[in-house]
Amino acid sequence: MTATEKFTKGTRVFLSDIAQGFFEITHSGFALLGLAVMFAAIALTAKPEIRQAGETQLFSWLQDRQQAVTGIISDNVAYERATAANPQSLPKQQAAVAYWLSRKYSVAPEPISALVSEAYETGSRTKLDPTLILAVMAVESGFNPFAQSAVGAQGLMQVMTKVHSDKYEGFGGKFAAFDPVSNLRVGVKVLQECIARAGSVEGGLKYYVGAANMEDDGGYVAKVLAEHGRLQQVASGRSVPTFTPQIIPAGNKSPAPAPAEPETMASIANS
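Encoded structure:
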């Protein structure tokens with residue numbers, strides 16, 4: 001065997017040994033990796049708090065990365081705090097009411113849809129007409145959940161928070177007055193009590209606005225009942241304009257100018 005052949009054979013043996021060693025190392029490495037993954041899975045299953053801590057840490061890291069890229073602090077559960085619903089998912093009657101209110105009061109249909117749905121659900125539970133609930137809401141706040149009157153009435157239904165603070169205890173406290181759904185439910189409870197006390201819807205509305213012992217309620221009851229009637233028509237499928245035509249009372253009309261008397265032949269002759 002020549003020197004060249006010996007060198008070639010030795011090289012082959014050397015390379016074969018390297019390949020075999022590499023295989024053994026990688027095979028053992030993958031085996032170790034598999035064992036590590038298996039033990040990690042067992043640990044995460046046996047210790048949920050470890051998994052939760054890891055998820056929290058990973059989520060925090062992803063948020064930090066997104067904030068660094070976009071400059072916006074993200075909040076993936078923000079939608080859970082939003083009072084909104086797809087109007088197309090509502091029953092036909094409720095959708096018609098939601099779209100009509102959206103147009104009339106210049107409010108997005110999604111939050112209005114959530115309120116309409118809640119009004120119908122709460123109305124069914126309390127035996128109150130949902131369109132009456134929505135009419136009170138419309139007249140009281142125009143669907144502004146952050147509205148506040150000069151006397152301290154707050155939220156969609158303009159509930160006196162100081163007077164009815166006990167009713168908000170089940171919603172986490174008085175700040176729930178500015179949560180649309182909580183305010184709606186508390187407002188309906190107050191309205192229900194007022195109607196029961198007065199014995200009629202009209203009388204209950206006067207109690208609700210604080211005008212039970214007054215001769216004049218400032219037109220409040222008439223406004224609510226008028227809007228209630230319009231909403232009932234919308235719910236029944238009728239086409240109702242979103243504007244209310246102004247009707248000038250006959251007593252306030254300016255008198256028409258008296259017609260000029262026609263010229264007589266005598267006046268013509270004397271001219």
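For the sequence shown, the UniProt record's numbering assigns the number 1 to the initial residue and increments by one for each residue that follows.
Even glycine gets a Cβ: it sits at the ideal position worked out from N, Cα and C.
- Leaving aside the five residues that flank Gln148 on each side, the residues in its chain whose CB is nearer than 6 Å to its CB run, in chain order, Gln154.
- By the Cβ criterion, the segment 115-129 is in contact with the segment 179-197, since at least three pairs of Cβ atoms, one from each stretch, lie closer than 8 Å.
- In the DSSP assignment, Val188 falls within the alpha helix (DSSP H) that extends over Pro180 to Ala198.
- Per DSSP, the beta bridge partners of Val159 are Gln154.
- Judged by their CB atoms, Val139 and Glu227 are nearer to each other than the 8 Å cut-off.
- Three or more Cβ pairs closer than 8 Å define a contact, and the segment 97-108 meets that threshold against the segment 237-244.
- Distances from the alpha-carbon of Gly237 to those of Thr45, Leu90, Tyr79 and Ala96 put Ala96 closest.
- Approximately 5 Å separates the beta-carbon atoms of Lys174 and Tyr168; this is inside 8 Å, confirming the contact.
- Per DSSP, the beta-bridge partners of Gln148 are Gln154.
- Nearest neighbour of Tyr220 by Cα position, chosen from Gly170, Lys206 and Ala53, turns out to be Lys206.
- Under the three-state reduction of DSSP output, Leu115 falls in the helix class.
- Excluding five sequence positions before and after Thr126, the CB atoms of its chain that fall closer than 7 Å to its own CB belong to Val188 and Gln192, given in chain order.
- For Leu205, the three-state secondary structure derived from DSSP is helix.
- Between the alpha carbons of Lys223 and Ala84 lies a gap of roughly 27 Å.
- In the three-state reduction of the DSSP assignment, Thr83 falls in the coil class.
- One alpha carbon belongs to Ile42, the other to Asn76, and they sit about 29 Å apart.
- Between Tyr99 and Pro91, the beta carbon gap of about 13 Å keeps them out of contact (Cβ cut-off 8 Å).
- Under a 10 Å Cβ-count criterion, Ser16 is classified as exposed, with fewer than 16 other Cβ atoms of the shown protein chains found around its own Cβ.
- Here Val190 is near His164, since their CB atoms are less than 8 Å apart.
- In this structure Thr56 is exposed. Its beta-carbon is surrounded by fewer than 16 other beta-carbon atoms within 10 angstroms.
- For Ala114, same chain residues with a beta-carbon under 7 Å away, outside a window of 5 residues either side, are Thr83, Ala84 and Ala85 in chain order.
- Residue range Pro130 to Ser141 is occupied by the alpha helix (DSSP H) that includes Ile133.
- Between Pro145 and Leu156, the C-beta spacing is below 8 Å.
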